[in-house]
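Those letters in the sequence shown? Residues -25 to -1, 1 to 188, per mature numbering (1 follows the signal peptide of the UniProt record, and there is no 0), in order. See below for the structure under consideration.
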Amino acid sequence: MQLSLVNGLRQLLLVLVCTWQLAAGQQQQPQTALRHDVRGSVALLDGTAATSRVQLVLTLDGGKQQLSWLRPDRTFCFHKVPAGSHLVDVVAMGLVFPQVRLDLTSSGRVTASLVEHPLTLLSQPLILRPLAKAEYFEIRQPFNAKAFLMSPMGLAIAFGVFSLVVLPLLKVDPEEAKDLFGSKDVEAEPKQVQQQERPQIAAKQSRGQKKHN
């Protein structure tokens, strides 16, 4: 009786362990089925970054990151990516790439769009293209005459030229000033004499009229 009871307990325990393993396998199977590989390529400009120095960063929906290096044929692959919305950044010396959003479904379908322009969908197969070359130094601006004249140095130079060239032309020679003011005095004297003689003439005329009377 005891041996049969022990054998029965062993068989029951074995059945429970097998059932638990089957249940755990069924729970893990959907999780692994939701992971897919994301592949694509990167378009590089001639004379910029080498393929061995281009790194791709995949930021998962949960905040974790996966890294991938660009292959010599300019392709990349992120392995076992879970379904969800993720972000892809391309790090390349001398180039500026836009941030790309990847929407991965449970069936493995990938939809890529630009983060700054969500309505702009990228074609499949996925090709990441640079926006422009990276400028690490400020571009030298051409000479601007208007901006130079409006600067403090330009105003100082303009005032100096005005004082050296224009102001001397505005000055009047002292002799010319004397002649000018002298001619004005000469013109004013006859008028003053006439004004002084008019009362005298009027007085003489009045006296003559009285004598005749």
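C-beta: ideal position from N, C-alpha, C; glycine also.
Bridge partners of residue 102 according to DSSP: 16. Its chain contains 44, 45 and 47 as the residues whose beta carbon lies nearer than 8 Å to that of residue 27, once the 5 sequence neighbours on both sides are disregarded; these appear in chain order. Assignment of residue 130 by DSSP, reduced to helix, strand and coil, places it in the helix class. Leaving aside the five residues that flank residue 40 on each side, the residues in its chain whose CB is nearer than 7 Å to its CB run, in chain order, 32, 33 and 34.
Taking C-alpha positions only, residue 36 is separated from residue 19 by approximately 27 Å.
If you look at residue 42, you'll find it in the beta strand (DSSP E) that goes 40 to 44. For a cut-off of 8 Å, the C-beta gap from residue 95 to residue 89 is around 5 Å, short enough to register as a contact. With respect to the 9 Å criterion, residue 17 and residue 103 are classified as neighbours on the basis of their beta carbons.
Annotated three-state conformation of residue 29 is coil, per DSSP.
With a minimum length of 4 residues, there is no unbroken run of alpha helix (DSSP H) contained wholly in the stretch 50 to 96. Taking 9 Å as the cut-off, the beta carbon of residue 10 is found closer than this to the beta carbon of residue 56. When DSSP reads this structure, residue 108 sits in a beta bridge with 70. For residue 124, the enclosing alpha helix (DSSP H) has its first and last residue at 120 to 125. Rounded to whole angstroms, the gap between the alpha carbons of residue 64 and residue 112 is 23 Å.
Each of 21, 91, 108 and 87 was checked against the Cα of residue 100, and the nearest Cα belongs to 87. Beta-bridge pairing by DSSP links residue 10 to 57. Separation of the CB atoms of residue 71 and residue 120 is rounded to 33 Å, and the pair is thereby denied contact status at 8 Å. For the pair residue 133 and residue 69, the CB atoms are not nearer than the 9 Å cut-off. Taking the Cα positions, residue 131 is about 11 Å away from residue 123.
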